[in-house]
Amino acid sequence: MVKVKYKVACPFCKTQHESEIDMAYRKDKKFNVRKSNKNLHICKNEKCSKEFIVEIDSHGGVSSMPTKSAEKDGIFPWEMIVDGKIVSIEEN
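Read in the working numbering, the sequence shown has 446 at position 90, and its numbers run on one by one without any break.
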């Protein structure tokens with residue numbers, strides 16, 4: 357298991373968020389996405405305060421998107437995908 361620290365923006369207001377997630381490496385040096393590869397965030401901007409999901413794919417791509425609850429407001433998750441980046445990978 358490795359600890360992946362990442363930086364990504366809120367898809368609604370573009371406020372930067374930093375967090376970390378524990379993920380497993382496969383033998384081919386890609387991330388195992390069968391395990392948990394998603395984090396739920398609540399925007400820390402007081403005017404926004406909306407929920408969004410951060411997902412890391414097997415190649416290390418970081419993206420944030422609105423949750424399904426945003427569909428009630430007419431916002432579809434695939435319309436507001438924002439890319440982020442991995443800051444560091446640390447061995448546990």
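The beta carbon of each residue, even a glycine, is placed where N, CA and C say it ideally should be.
Its chain contains Glu407 as the residues whose beta carbon lies nearer than 6 Å to that of isoleucine 398, once the 5 sequence neighbours on both sides are disregarded; these appear in chain order. By the C-beta density criterion, alanine 380 is exposed, having fewer than 16 other C-beta atoms within 10 angstroms. If you keep only unbroken beta strand (DSSP E) runs of at least 3 residues inside the segment 365–416, you get 372–381, 394–398, 407–412. Taking C-beta atoms under 8 Å as the contact rule, valine 360 and isoleucine 445 qualify, at a distance of about 5 Å. In summary, methionine 421 is buried, with 16 or more beta-carbon neighbours lying within 10 Å of its beta-carbon over all protein chains present.
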